[in-house]
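In UniProt numbering, the protein residues as written are 1 to 529.
Glycine is no exception: its CB is placed at the ideal position from the N, C-alpha and C atoms.
Take a look at the structure set out below.
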């Protein structure tokens with residue numbers, strides 16, 4: 001034994017071999033330990049869901065399987081997103097179709113117009129709170145069951161509102177209705193994140209917001225026509241029918257997308273969570289794509305997210321821009337009636353240019369966003385392929401740079417168009433002038449907020465429902481104050497200077513936000529995590 005030991009000590013090559021063997025043993029131990037915890041990361045850590053996937057299949061032959069983000073084909077993906085966009089139309093119809101009917105409802109219920117506006121405030125407050133619960137639940141239990149509950153609530157409340165004769169019951173039902181509609185709004189966005197890889201989110205996020213853009217802009221027109229010819233109750237009957245259609249689409253066609261339930265779509269959901277029509281053949285389940293957590297997410301996590309340095313400041317700026325856009329939309333009926341003497345139908349038509357501009361953002365800002373992703377990917381040596389992404393590739397991607405390089409010019413253009421819109425109305429120029437500015441404001445503004453929302457989702461990818469709920473809370477609660485203060489603000493400082501003030505706030509805050517985000521080293525932090 002002593003001779004053998006001495007031979008090992010005297011032979012450097014044998015000693016080196018033993019050291020290598022020990023090192024390999026340590027590496028294998030670490031790899032085994034990593035695989036044990038793979039797919040069970042803490043929530044709110046890092047931007048990529050692929051960090052949850054194991055690295056067991058590292059061979060080239062298995063690489064494409066691990067990279068596939070969703071099993072949905074391109075047609076299935078577009079079909080699914082179209083259903084979510086249709087649902088978003090209903091969600092925003094519920095808030096905007098109601099506006100032209102306020103005066104008529106007040107006369108029927110024998111209450112003042114100021115009291116009727118309390119129903120809007122109550123709706124908006126609930127709009128900011130309800131998604132905290134639905135977003136959190138959908139990240140754990142799945143999108144379809146929570147959507148089914150939300151639209152069932154909407155259906156029941158609309159039937160009750162259509163038959164209502166009491167103001168107290170009206171305001172109560174509007175609050176409950178808001179739980180159903182706005183609770184579903186964050187789920188539709190989160191579901192799109194489930195099935196769209198980061199390299200394609202520029203255009204697909206624009207598709208997802210088409211529903212909200214159409215609902216916001218066309219809703220007052222449809223509501224005005226129904227109120228004028230069929231009475232205010234027809235508005236709620238229309239919404240009840242629309243809610244029923246949404247439930248049918250959900251039950252028959254819409255597949256579960258939550259990655260905590262189905263992964264990339266290859267894992268079958270619970271039997272009760274399947275669609276009535278199965279369009280896809282059986283697929284070998286890939287459990288490596290399934291999102292899992294060490295600790296269950298909590299509702300309070302959405303509120304805590306606002307305290308995160310990077311995410312919080314991005315959400316705050318996203319909300320600031322949304323408040324400005326809401327101020328523009330809320331002021332349109334007042335200004336168009338005062339400056340041009342338009343009736344309700346003509347005022348409703350004035351929303352269309354902004355809606356068309358927002359829809360066109362998919363082909364302008366959305367296309368540039370995806371192009372910039374591919375361009376910067378080539379610079380860092382990442383091969384971007386459709387419907388594929390890996391942890392290793394995304395660790396190299398400067399996500400802040402990818403998104404903010406597009407958001408930066410879009411926001412500055414929004415400021416220019418907002419100032420132009422404000423002063424053309426202040427000087428009471430021909431109606432064509434403000435409508436043209438509304439189109440370009442809708443295009444640049446919606447495109448910029450879509451890109452910024454994509455960045456927030458990129459940086460907080462494990463719980464898209466909860467993240468969107470946090471964004472929604474920051475957006476909706478202050479809008480109630482914006483709705484109440486926009487008219488007095490115009491009277492005090494004038495429309496032109498008010499628009500200039502909003503644009504100035506955007507410019508200053510965006511410059512500060514960009515500086516903070518890059519100085520805090522977001523990419524380095526994500527790589528460490």
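Is it buried or exposed for residue i, if we count other Cβ within 10 angstroms and need 16 for buried?
| i | result |
| --- | --- |
| residue 443 | buried |
| residue 379 | exposed |
| residue 491 | exposed |
| residue 537 | Any property of residue 537 remains undetermined from this structure, which presents the chain solely from 1 to 529. |
| residue 271 | exposed |
| residue 199 | buried |
| residue 512 | exposed |
| residue 434 | buried |
| residue 347 | buried |
| residue 259 | buried |
| residue 88 | buried |
| residue 213 | buried |
| residue 230 | exposed |
| residue 300 | exposed |
| residue 291 | buried |
| residue 499 | buried |
| residue 429 | exposed |
Considering only C-alpha positions, which residue in the set the options is nearest to residue i?
| i | options | result |
| --- | --- | --- |
| residue 286 | 273, 267, 303 | 267 |
| residue 312 | 85, 99, 514 | 514 |
| residue 276 | 254, 331, 284 | 254 |
| residue 455 | 482, 105, 476, 517 | 517 |
| residue 297 | 400, 170, 138, 326 | 138 |
| residue 302 | 131, 109, 115 | 131 |
| residue 143 | 269, 382, 213, 70 | 269 |
| residue 485 | 512, 401, 328 | 328 |
| residue 419 | 180, 430, 438 | 438 |
| residue 150 | 240, 410, 71 | 240 |
| residue 74 | 488, 196, 299, 290 | 196 |
| residue 440 | 308, 375, 135, 364 | 364 |
| residue 257 | 488, 80, 292, 417 | 80 |
| residue 82 | 211, 95, 135 | 211 |
| residue 413 | 340, 504, 498, 343 | 504 |
| residue 479 | 95, 235, 68, 337 | 95 |
| residue 236 | 101, 487, 309 | 101 |
Does the separation of the CB atoms of residue i and residue j fall below 9 Å?
| i | j | result |
| --- | --- | --- |
| residue 445 | residue 358 | yes |
| residue 472 | residue 182 | yes |
| residue 208 | residue 355 | no |
| residue 141 | residue 261 | yes |
| residue 215 | residue 84 | no |
| residue 415 | residue 323 | no |
| residue 372 | residue 205 | no |
| residue 316 | residue 509 | yes |
| residue 118 | residue 171 | yes |
| residue 115 | residue 167 | yes |
| residue 396 | residue 382 | yes |
| residue 411 | residue 361 | no |
| residue 404 | residue 321 | no |
| residue 90 | residue 242 | yes |
| residue 318 | residue 494 | no |
| residue 97 | residue 238 | yes |
| residue 146 | residue 184 | yes |
Spatial neighbours of residue i within its chain, please: CB distance less than 6 Å, with the 5 preceding and 5 following residues excluded, ordered by chain position.
| i | result |
| --- | --- |
| residue 99 | 220 |
| residue 190 | 464, 465, 468 |
| residue 233 | 162 |
| residue 368 | 406 |
| residue 109 | 167 |
| residue 164 | 170 |
Tell me which residues share the same chain as residue i and place their Cβ nearer than 7 Å to its Cβ, disregarding the 5 neighbours each side in the sequence.
| i | result |
| --- | --- |
| residue 457 | 193, 464, 467 |
| residue 352 | 217 |
| residue 496 | 422, 423, 426 |
| residue 476 | 124, 127, 128 |
| residue 36 | The predicted position of residue 36 is uncertain, since its pLDDT is 31 and thus under 50; a value taken from the coordinates is nonetheless stated next. The answer is none, since no qualifying residue turns up. |
| residue 370 | 199, 200, 202, 203 |
| residue 71 | 264, 265, 266, 283 |
| residue 180 | 150, 151, 153, 154, 157 |
| residue 431 | 340 |
Near residue i, which residues of its chain fall below 8 Å by C-beta distance, leaving aside the five closest residues on each side in sequence?
| i | result |
| --- | --- |
| residue 345 | 221, 224, 225, 228 |
| residue 251 | 148, 275, 276 |
| residue 305 | 44, 311, 312, 315, 460, 466, 467, 470 |
| residue 103 | 113, 116 |
| residue 482 | 323, 326, 327, 330 |
Answer with yes or no whether the minimum CB distance from residue i to chain C is below 9 Å.
| i | result |
| --- | --- |
| residue 515 | Here chain C cannot be found, since the structure has a single protein chain. |
### Message
Would you call the region 149-159 in contact with the region 246-256, where contact means no fewer than 3 C-beta pairs closer than 8 Å?
### Response
Yes: the two stretches touch, three or more of their Cβ pairs being nearer than 8 Å.
* So does the region 325-335 actually touch the region 157-176, counting three or more Cβ pairs closer than 8 Å? -> Taking 8 Å as the limit for Cβ pairs, the verdict is that the region 157-176 does not touch the region 325-335.
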